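Numbering (this note's numbering), first residue to last: 202 to 342.
From the three backbone atoms N, C-alpha and C, an ideal C-beta is built for every residue, glycine too.
Everything numeric in this text was worked out from a predicted model, so none of it was measured.
Structure first, then comments.
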Amino acid sequence: MGSDVLLFYNQTPKIIDGIKSYKTLNKNKPRWRKIYLIFPRTKNLTASIFLYFRKNFINKKITKNPFRNDLLGSSLAINSEFFDIYSLLLSEKKKFSFFGMSGSGSSIFFNFDKISSERSMIQLIKQKFPLVRIEKSYYFG
């Protein structure tokens, strides 16, 4: 069973640690918010990502920040397409409310501060990476 199952435990917004626990977010007026997911054509195989992590990063301090993914370095090193997409987003980071990598890098998620930023960035991503899949979804928070 995946660690993300905790997201569906109930309908309240929450932060999960990726292992077994979660923290419920208490929002006065939660609402549906838009989120985008980019799926690179080249897949990150979980076994490869963890193997690279164990060989190269295991002795480094594991982060306690729930918004930081310790497997990011492995995904960037192994998958050049992922690296290029993530680098583009990083170069435009002021346009995002947040962005990050899911799990072992099967997708990159992001949310925008402004609608104008949303339109221009989606257009730029499609221009530079015409074959990646971009999905729009919503989360409650």
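Give me, in chain order, the residues of the same chain whose beta-carbon lies closer than 8 Å to that of Phe-254; leave out the 5 immediate sequence neighbours on both sides.
Counted from its first residue, the sequence shown places residue 254 at position 53. Closer than 8 Å at Cβ, skipping near neighbours: Asp-271, Leu-272, Gly-274 and Ser-275.
Quick check on Gly-274: does DSSP put it in helix, strand or coil?
Residue numbering aside, residue 274 sits at position 73 when the sequence shown is read from its first letter. Looking at Gly-274 - three-state DSSP - the assignment turns out to be helix.
Please classify Pro-241 as buried or exposed, where buried requires at least 16 other C-beta atoms within 10 Å of its C-beta.
To locate residue 241, count along the sequence shown from 1; it is residue 40. Pro-241 comes out buried.
So what's Ser-305 in DSSP terms, helix, strand or just coil?
Here residue 305 corresponds to residue number 104 of the sequence shown, with the count starting at 1. Correct three-state label for Ser-305: coil.
Could you tell me the boundaries of the beta strand (DSSP E) in which Ile-239 lies?
In the sequence shown, residue 239 corresponds to position 38, counting from 1. From DSSP, the beta strand (DSSP E) with Ile-239 extends over 233-240.
Just the Cα atoms here: how many angstroms apart are Gly-203 and Ser-317?
Reading the sequence shown from its first residue, position 2 is the one you call residue 203. Reading the sequence shown from its first residue, position 116 is the one you call residue 317. Residue confidence is low: Gly-203 scores 48 on pLDDT, short of 50, so the model does not pin down where it sits. Its coordinate-derived value is still stated next. Using only the alpha carbons, I get a separation of about 36 Å.
In or out: Phe-300 buried (at least 16 other Cβ within 10 Å) or exposed?
Position 99 of the sequence shown, counting from 1, holds the residue named residue 300. With 16 or more other Cβ atoms within 10 Å, it is buried.
In this structure, how does DSSP classify Phe-330 when only helix, strand and coil are distinguished?
Position 129 of the sequence shown, counted from the first residue, corresponds to residue 330. The answer is coil: DSSP assigns Phe-330 none of H, G, I, E or B.
Is there a C-beta anywhere in chain D that falls below 8 Å from the one on Ile-323?
Although the question refers to chain D, the structure presented lacks it and comprises just one protein chain.
So, helix, strand or coil for Ile-179, using DSSP?
Residue 179 falls outside the range modelled here, since the chain spans only 202 to 342, and no answer is possible.
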